Amino acid sequence: MRAEPLALKADIEQSIGLLRRHLDVDASQRRLAELNVRAEDPALWNDPEAAQKLMRERTQLEEQVGALSSLERELEDALTLVELGEAEGDAATEKEGVDALKSILKQARARQTEALFAGEADANDTYIEVHSGAGGTESQDWARMLFRMYARWGERHKFHVEVIEETPGEEAGIKSGTLLVKGHNAHGWAKTESGVHRLVRISPFDSNARRHTSFASVWVYPVVDDRIDVNVNESDCRIDTYRSSGAGGQHVNTTDSAIRITHIPTGIVVACQAERSQHKNRATAWNMLRARLYELELEKREAEANKTAASRTEIGWGHQIRSYVLQPYQLVKDLRSGFTSGTPSDVLDGELDDFMQASLAQRIYGGPESVEDVE
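The sequence shown begins at 578 in the working numbering and counts up one residue at a time.
Structure below.
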């Protein structure tokens, strides 16, 4: 077998071995068999909360064990293709096998990342908020690009993505927007994306074609489910209704159905205009507020809470976590892990997993003390 497929095979087997040790397959299979027996007990649902907890654990174990078995089968099939192609001198078949190995390695590394998701809310759905910085149209267009990037990332993961709120800019782009990304481990994947994102490009809004730098901030916080108790005192909140914004036309919402809730003690503001029903928007906004307050509490527990809060004080230079350079060269660089990509178009189309994996590993295992930003 040639050098490239051999190297890919070794990397995949190493990842699978790490996953096997982390999961402890024999113990997981025994536990799964036990849960399957308990799930068949008619008395299980006498305690709905305990039943739901059991079913969540069962589903998670089934998915983890099944995914590991699938990786092993796919590895065997891909190696067979490579060997068949080499034996028969069929370059197309050999290439198909090598491409399959590359895909399997990507899946295996993604599974390794998910094995690091040990946080209380890592398995939950997540909200992703994008806010434009100073700079008017430039930063609002950049915020729209980030908004699309995270929607495409969610779609690539086959997560369900909903637009909760979107406030258009005066000329182009958006002032702010909120996505709800639904899927297993959605928050675990996205949680390190919070911070300021910087764009350098030739502005499409500048008739002199000069280079501009724009900033936008991203906040990521988990959807709070029934396992997490967050109490909110309504007397601490101000609730405003307003008309949903949109492009106009016969389907524009002509009632004050959009909801904005301001939590006065913390200054947190959430808004929802996704539904025509004020009642539904209100319920969603309350859920978002509970999630934001929960995220705030998590930050207080973490050693880096002060650092994280400081990074959110200003959407501008010196606070960025990642730079996206489109001119005069092509580069995306994460300023925490040092990870880079030479294909910004792919990153802006949602290929974020490598950046997320690098920043998660940096958070858990540590990384460079400082990373120099790009010009």
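Ideal placement from N, C-alpha and C gives every residue a C-beta, glycine not left out.
A quick note: this is a predicted structure, and the numbers were derived from the prediction, not measured.
- By the neighbour-count criterion, in which 16 or more other beta carbons inside 10 Å mark a residue as buried, Phe-916 falls on the buried side.
- Contact between Asp-813 and Arg-837 is ruled out by a C-beta separation of about 15 Å, above the 8 Å threshold.
- Within the same chain, Cβ atoms closer than 6 Å to the Cβ of Ser-918 are found at Val-909 and Val-924, the five residues on either side in sequence being excluded.
- In this structure, Glu-928 keeps its C-beta atom at 9 Å or more from the C-beta atom of Arg-787.
- When only Cα atoms are considered, Ala-669 and Ile-593 end up about 27 Å apart.
- Shown here, Thr-714 sits in a helix according to DSSP, grouped into three states.
- A direct Cα-Cα distance of roughly 24 Å separates Leu-656 from Glu-640.
- Annotation: the continuous beta strand (DSSP E) that includes Ile-705 extends over 703-709.
- Setting aside the 5 residues that flank it on each side, Leu-638 is surrounded in the same chain by Ser-605 and Leu-609, each with a C-beta closer than 6 Å to its C-beta; the list follows chain order.
- Using a Cβ distance threshold of 9 Å, Leu-756 and Tyr-727 count as a contacting pair.
- With distances taken between CA atoms, Ile-898 lies nearest to Met-933 out of Met-933, Arg-778, Ser-922 and Gly-712.
- Counted as a single uninterrupted DSSP element, the alpha helix (DSSP H) harbouring Val-924 occupies residues 921-925.
- Distance check between Gln-684 and each of Arg-633, Glu-590, Ala-698 and Glu-770 places Glu-590 closest, using alpha-carbon atoms only.
- A distance below 8 Å between beta-carbons, with the five flanking residues on each side excluded, links Ala-627 to the following residues of its chain, in chain order: Leu-621.
- Less than 9 Å separates the beta-carbon of Arg-688 from that of Ala-644.
- Just measuring C-alpha positions, the residue of Pro-799, Val-948, Trp-719 and Glu-651 sitting nearest Ile-779 is Trp-719.
- The three-state reading of DSSP puts Asp-817 in strand, counting E and B together.
- A straight line joining the alpha-carbon of Ala-767 with that of Asn-701 spans about 11 Å.
- Note on the stretch 746-776: whole beta strand (DSSP E) runs with a minimum of 3 residues are 751-759, in chain order.
- Ile-681: member of the alpha helix (DSSP H) spanning 668-691, first to last residue.
- In the three-state reduction of the DSSP assignment, Lys-630 falls in the helix class, which pools H, G and I.
- For Lys-910, the enclosing beta strand (DSSP E) starts and ends at 908-911.
- For Val-847, the enclosing beta strand (DSSP E) starts and ends at 845-849.
- Per the DSSP secondary-structure output, Gln-897 pairs in a beta bridge with Val-773.
- The DSSP-derived three-state label of Ile-841 is coil.
- Here Val-614 is exposed, its C-beta having fewer than 16 other C-beta atoms within 10 Å.
- Sorting Pro-905, Gln-907, His-896 and Glu-742 by C-alpha distance to the C-alpha of Val-948 places His-896 at the top.
- If the five residues before and after Glu-748 are omitted, its C-beta is found closer than 7 Å to the C-beta atoms of Thr-714, all from its own chain and listed in chain order.
- In its chain, beyond the 5 residues on either side, no residue has a beta carbon closer than 6 Å to the beta carbon of Thr-920.
- For Pro-945, the closest C-alpha among the options Gly-750, Leu-866, Arg-913 and Lys-679 is that of Arg-913.
- The residue among Pro-582, Arg-729, Asp-588 and Asn-864 with its C-alpha nearest the C-alpha of Val-809 is Asn-864.
- For Arg-579, there is no enclosing alpha helix (DSSP H), as DSSP marks it with neither H nor E.
- Among the bridge pairs identified by DSSP, Tyr-798 is matched with Tyr-704.
- A distance below 9 Å separates the beta carbons of Ala-616 and Arg-635.
- CA-to-CA, the gap between Ala-848 and Gly-754 works out to about 9 Å.
- Closest option to Gln-904, judged by alpha-carbon separation, among Val-738, Ser-791, Gly-674 and Val-795: Ser-791.
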